[in-house]
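Beneath this line is the structure, given in structure tokens, with notes to follow.
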Amino acid sequence: VLRPFKPKTFSKPAFLRSSTRRSLPASRFDMAVAHIQPRELRAWLDDTDRVKPVLLDVREPWEINLCAIDGANRIPMGTIPQQMKQLDPDAEIVVICHHGARSMQVAAFLDRNGFAHLHNLTGGVDAWAREIDPSMQLY
Numbered sequence: 007v008l009r010p011f012k013p014k015t016f017s018k019p020a021f022l023r024s025s026t027r028r029s030l031p032a033s034r035f036d037m038a039v040a041h042i043q044p045r046e047l048r049a050w051l052d053d054t055d056r057v058k059p060v061l062l063d064v065r066e067p068w069e070i071n072l073c074a075i076d077g078a079n080r081i082p083m084g085t086i087p088q089q090m091k092q093l094d095p096d097a098e099i100v101v102i103c104h105h106g107a108r109s110m111q112v113a114a115f116l117d118r119n120g121f122a123h124l125h126n127l128t129g130g131v132d133a134w135a136r137e138i139d140p141s142m143q144l145y
């Protein structure tokens with residue numbers, strides 16, 4: 007006996023059904039995270055009329071031993087979920103890593119957890135060393 011083909015129907019996931027859901031970003035990097043160039047950050051740090059940002063270096067200790075931007079708070083990426091309570095969610099935070107990829111992931115995580123003013127240092131400490139502090143060791 008042949009039966010007519012009847013396609014399966016699927017219900018929408020809960021987050022798509024909810025009228026109170028937060029709108030999703032167009033891409034995974036299209037969030038409330040600004041990108042800041044090394045020269046812009048240098049100017050901000052030198053500006054005495056502006057509140058200094060919190061510098062958050064998310065690299066591993068061995069990387070920080072090679073080179074670091076003075077004054078940065080050091081919290082390795084893998085420990086951010088446990089240690090983010092140390093950070094003020096309303097502060098201007100510049101997240102830093104080697105080239106900018108890990109710091110973008112941490113900034114996205116912090117964004118999802120209620121941090122309001124996030125900046126990712128484009129090019130990371132590598133770009134900082136090349137553009138701002140040539141005495142800094144490259145790796």
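Going by our numbering, the sequence shown opens with residue 7, and the numbers climb by one from there.
Built from N, CA and C at the ideal position, the CB exists for glycine as well.
Keep in mind the model is a prediction, meaning the values are calculated, not measured.
Through-space distance from residue j to residue i, alpha-carbon basis
{"i": "R136", "j": "Q43", "result": "12 Å"}
{"i": "W134", "j": "F115", "result": "23 Å"}
{"i": "H46", "j": "V100", "result": "What sits at residue 46 in the sequence shown is Glu, not His. Looking at the two C-alpha atoms, the distance is approximately 11 Å."}
{"i": "E69", "j": "D55", "result": "32 Å"}
{"i": "G77", "j": "L93", "result": "15 Å"}
{"i": "N126", "j": "S141", "result": "22 Å"}
{"i": "N79", "j": "L72", "result": "16 Å"}
{"i": "H41", "j": "T85", "result": "23 Å"}
{"i": "F35", "j": "P82", "result": "Low local confidence applies: a pLDDT of 46 at F35 is under 50, so the model's placement there is unreliable, with the coordinate-based value given in what follows. In a straight line, the C-alpha of F35 is about 21 Å away from that of P82."}
Whole-number beta carbon distance between residue j and residue i, since they are thought to touch under 8 Å
{"i": "A122", "j": "D96", "result": "6 Å"}
Element boundaries [alpha helix (DSSP H), containing residue i]
{"i": "E46", "result": "P44 to D52"}
{"i": "L72", "result": "P67 to L72"}
{"i": "I86", "result": "I86 to Q89"}
Extent of the continuous beta strand (DSSP E) to which residue i belongs
{"i": "V101", "result": "E98 to I102"}
Closer than 7 Å: residue i CB and nearest the ligand ADP heavy atom
{"i": "H123", "result": "Only the bare structure without any ligand can be found here, which leaves the ligand ADP out of the picture."}
Checklist entry - Which whole runs of the beta strand (DSSP E) in the stretch 112-141 are 3 residues long or more, in chain order? => result The beta strand (DSSP E) runs of length 3 or more contained entirely in the stretch 112-141 are, from start to end of the chain, 123-127.
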